[in-house]
Amino acid sequence: MINVPKGTKDVLPCDSYKWQFVEKTAREVASLFGASEIRTPTFEHTEVFLRGVGETTDIVNKEMYTFLDKGGRSITLKPEGTAGVARAFVENGMNSQVLPTKLFYITQCFRYERPQAGRLREFHQFGIEFLGATDANIDAETIMLAKTFLDKVGIKNITLYLNSIGCKECRKKYQQALKDYLSDNIDKMCPLCKERLEKNPLRVLDCKNQDCKEITKDAPKILDYICDDCNSHFEKVQNLLTIAGVEFKVDPNIVRGLDYYNRTVFEFVSENIGAQGTVCGGGRYDGLIADLGGSDVAGIGFAVGIERILMLLENTGVKIENPNKVEYYIAPMGEKESQKAFEIVCKLRQKGITADFDHMNRSIKAQFKYADKIGAKKVIVIGSDELNNNCVKVKDMQSGEEQMVSLDSF
Ligand code: ATP
Ligand code: MG
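Residues 117 to 526 in the working numbering are what the sequence shown lists, from first letter to last.
Below, the structure is given as structure tokens:
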């Protein structure tokens with residue numbers, strides 16, 4: 117037997133309807149906020165992620181699926197959605213079309229990580245990218261969209277952590293202060309953070325190593341360093357969220373794992389799915405489009421991990437109704453009746469009613485068992501007596517009620 121590669125999963129029919137529900141909700145909520153779908157390739161030139169995600173991130177450092185294709189090009193399977201969307205935005209001249217451009221995507225992502233609950237090598241994200249607006253009201257709107265989605269799929273008890281990491285200017289001062297502080301503790305830091313300290317000290321705040329976490333607890337806080345403009349932007353975001361009734365906690369240690377963020381950053385974290393509690397992460401990335409060769413276009417977005425959403429729904433006992441159940445299962449008692457069953461399913465399907473019938477020449481008892489397994493709501497029994505009287509017996513599988521119905525009614 118050949119197994120799936122480590123860190124990947126099959127989605128079987130017993131679960132696929134839950135995925136469909138989450139994806140449908142994502143599409144509905146995105147459209148409620150005026151976002152349109154964008155689909156970008158599963159792989160990009162590696163350069164897109166080196167520039168778009170950043171060389172000091174975990175993703176670029178150790179998690180990318182990168183290979184040379186037969187033409188000798190360096191290709192990478194997308195580890196996240198934003199960089200590809202930004203590349204497409206620039207390449208297709210979308211900045212000369214409608215601004216702000218409101219986009220969403222649902223895509224698989226690939227990261228070479230140690231597989232564990234809520235951490236896979238192939239996983240899926242629902243993401244939003246709003247491009248072209250700098251006003252804090254679009255930050256609030258982005259966060260509102262994420263919250264609306266989480267509410268609509270049925271997630272409760274989730275905490276929104278909010279922070280501002282300032283702009284290039286105010287971050288410089290902060291980075292120096294942080295570097296000074298961290299340099300005094302360098303001996304206790306993990307090897308990767310020692311490197312980060314030189315290249316991008318903010319990354320150290322995002323490290324999951326326990327020793328590093330201990331050190332960063334007392335580190336200088338970005339919010340004490342941000343400039344007046346960044347501060348009033350952040351105040352406005354908070355004010356609008358308060359008006360919208362969205363609860364949040366300001367957490368100065370949230371910096372997000374990707375290099376491209378500035379100003380607003382946020383995470384939705386749940387206590388109900390263990391260590392991998394971050395369900396959604398996002399923020400503003402005003403420099404990204406320019407970094408990828410475009411003009412100076414602002415942006416803000418987020419990504420939600422669909423596997424983590426499903427895990428959370430499962431762990432908190434939220435039931436998702438399977439909408440794919442067959443309305444009618446037709447159970448013929450013999451060969452002649454089987455042809456009638458075929459005629460009836462054809463008619464029902466033409467009317468848009470889901471219907472199925474026996475393909476295995478099973479006994480009536482076995483057919484009822486099958487109908488039960490596929491969750492059929494009603495079973496139509498066709499016997500020779502019934503056929504002679506031009507009628508069939510319809511059994512409601514839930515109530516057990518039986519009714520004779522004229523064949524002409526189908
Ligand atoms: P984490 O801190 O858990 O590694 P991250 O900061 O790397 O998350 P992002 O790059 O912000 O995550 O991705 C957005 C969302 O995608 C995460 O909040 C999470 O729900 C999901 N996600 C990220 N990596 C994985 C993975 N390997 N498996 C499943 N879901 C993931
Ligand atoms: Mg990660």
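Each residue gets a CB set at the ideal place from its N, CA and C atoms; glycine is no exception.
Because the structure is a prediction, the values reported are computed rather than measured.
Status (buried if at least 16 other CB within 10 Å, exposed otherwise) for residue i
i    : result
Q213 : exposed
I490 : exposed
D524 : exposed
C286 : buried
V366 : exposed
N279 : buried
A262 : buried
Q455 : exposed
D174 : buried
K218 : buried
I359 : exposed
E443 : exposed
P307 : exposed
E179 : buried
L148 : exposed
CB contact flag (residue i, residue j, <9 Å)
i    : j    : result
F242 : F265 : yes
T432 : K268 : no
F220 : A199 : no
D327 : K304 : yes
K134 : L357 : no
L301 : I331 : Note on identity: in this sequence residue 301 is Asn, with Leu being the wrong assignment. Yes, these two residues count as a Cβ contact at 9 Å.
G282 : I338 : yes
R372 : T172 : no
S522 : E453 : no
G399 : F205 : no
K122 : P231 : yes
T124 : H161 : no
G415 : E153 : no
L429 : G270 : yes
G168 : L321 : no
G533 : T156 : As shown, the chain starts at 117 and ends at 526. That puts residue 533 outside it, with no answer to give.
L298 : C309 : yes
V395 : G421 : yes
E207 : S190 : no
Inter-residue Cα distance where the pair is residue i and residue j
i    : j    : result
P317 : P129 : 46 Å
A202 : L215 : 14 Å
M449 : S479 : 7 Å
F473 : A482 : 12 Å
T275 : S386 : 6 Å
T258 : A406 : 21 Å
K511 : E229 : 51 Å
L404 : N378 : 10 Å
K89  : I469 : Outside the displayed span of the chain (117 to 526) sits residue 89, for which this structure offers no information.
V127 : F239 : 11 Å
V145 : Q224 : 19 Å
N567 : R237 : Residue coverage of the chain in this structure runs from 117 to 526, which leaves residue 567 outside it and unanswerable.
A457 : F526 : 11 Å
A391 : K324 : 10 Å
K435 : S132 : 14 Å
A419 : A487 : 40 Å
E88  : K509 : Here the chain has residues from 117 to 526 only, and residue 88 is not among them.
V381 : H475 : 56 Å
R424 : Q514 : 33 Å
Simplified DSSP assignment, three categories, for residue i
i    : result
A471 : strand
C309 : helix
A249 : coil
D131 : helix
R235 : strand
A492 : coil
Q514 : coil
T74  : There is simply no residue 74 to check, as the chain begins at 117 and stops at 526 in what is shown.
R478 : coil
K89  : What is shown of the chain runs 117 to 526, which leaves residue 89 out entirely.
V521 : strand
A419 : strand
R230 : coil
P448 : strand
N378 : strand
K263 : helix
K365 : strand
C328 : helix
K218 : strand
G200 : helix
G243 : strand
T173 : coil
S181 : The identity of residue 181 in the sequence shown is Tyr, whereas the question assumes Ser. It is coil, neither helix nor strand.
Y277 : strand
CB contact below 9 Å: residue i versus chain D
i    : result
Q326 : This model lacks chain D altogether, as it is built from one protein chain only.
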